[in-house]
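Single-structure report; data block below.
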Amino acid sequence: GAGVSQSPRYKVAKRGQDVALRCDPISGHVSLFWYQQALGQGPEFLTYFQNEAQLDKSGLPSDRFFAERPEGSVSTLKIQRTQQEDSAVYLCASSTRQGSGELFFGEGSRLTVL
Amino acid sequence: KQEVTQIPAALSVPEGENLVLNCSFTDSAIYNLQWFRQDPGKGLTSLLLIQSSQREQTSGRLNASLDKSSGRSTLYIAASQPGDSATYLCAGRGIGGSQGNLIFGKGTKLSVKP
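Take a look at the structure:
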């Protein structure tokens, strides 16, 4: 596609439910990033993939958060046993190459945990 | 650890004014610095990318500068328009640690009054 596509755009979950957020990067982009943005804050880094390899997951806040990109294209961010503090917008970005490449962001998935 | 600060947090100007948004970062070892625009409820739109070897980039009414030695970047908007109203975020991509990790400031919320 022309840009980074994320789904669902909005997700409401009851506390304790598992959720899965999908990201379709720009075709041919080898690098993929997940960020979490709380209301009124800048995005915070979660994890980074180079093709199918997860090179950095230092930003994942707990072991309830898991990300994968099995074929080096589409990525899924999974949150298990959601809690209210997980409520945020989850942004996905892709880039043509590591290091100096420009990042392009999707519209984000807004998660609300009740 | 890289920290990015944006001043002011909010800015309101009358239409037609020239304005400057400031961004400072603590670690001069960066690959690049990127300026984004974020409209309410939307993802991030890339405005300008400055590589570490560059001093400035221009796109239309926007000009961004980078001074690594002082750890500062500025975004200059000429002849502001109501359509420029949005939150502007700067982010540095570090050399230390993960090459994928963009560190964001909290943004400057700009309001241009007609």
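Line by line, the protein sequences are chains L and Y.
With the first sequence counted from 1, adding 23 to any position gets you the working numbering.
With the second sequence counted from 1, adding 22 to any position gets you the working numbering.
C-beta atoms are modelled at their ideal positions from N, C-alpha and C, and glycine is treated no differently.
Return the bridge partner residues of residue i from the DSSP annotation.
i: Leu43(Y); result: Leu97(Y)
i: Gly95(L); result: In DSSP, Gly95(L) forms no bridge with anything.
i: Gln76(Y); result: None, per the DSSP bridge assignment.
i: Asp79(L); result: Tyr71(L)
i: Gly116(Y); result: Ile52(Y)
Going along chain L in order, which residues have a C-beta closer than 7 Å to the C-beta of residue i?
i: Gln56(Y); result: Glu125, Leu126
i: Gly65(Y); result: Leu114, Phe128, Gly129, Glu130, Gly131
i: Leu132(Y); result: Simply none; closest approach about 15 Å.
i: Leu71(Y); result: Glu125
i: Leu111(Y); result: Gly65
Compare the Cα-Cα distances from residue i to each of the options and report the closest residue.
i: Gln40(L); options: Gly131(L), Ser110(L), Ala61(L), Trp57(L); result: Ser110(L)
i: Leu132(Y); options: Gln79(Y), Thr48(Y), Ser87(Y), Leu33(Y); result: Leu33(Y)
i: Glu75(L); options: Gly131(L), Val53(L), Pro31(L); result: Val53(L)
When the distance is taken between beta carbons, is residue j closer than 8 Å to residue i?
i: Glu125(L); j: Ser118(L); result: yes
i: Ile52(Y); j: Ser74(Y); result: yes
i: Thr99(L); j: Ala36(L); result: no
i: Leu84(Y); j: Ser95(Y); result: no
Starting from residue i, trace the beta strand (DSSP E) both ways and give me its first and last residue.
i: Ile49(L); result: Looking at the DSSP string, Ile49(L) is not in any beta strand (DSSP E), and its letter there is neither H nor E.
i: Gln20(L); result: Limits of chain L in this structure are 24 at one end and 137 at the other, which puts residue 20(L) out of reach.
i: Pro36(Y); result: 32-36
i: Asp61(Y); result: That residue, Asp61(Y), is in no beta strand (DSSP E); it is neither H nor E in DSSP.
i: Thr135(L); result: 132-136
Chain Y partners of residue i, CB-CB under 9 Å?
i: Gln64(L); result: Phe126, Lys128, Gly129
Residues of chain L with CB under 9 Å from residue i, in chain order?
i: Thr68(Y); result: Per the sequence presented here, residue 68(Y) reads as Ser, with Thr not at that position. By Cβ distance, chain L contributes Glu125, Leu126, Phe127, Phe128.
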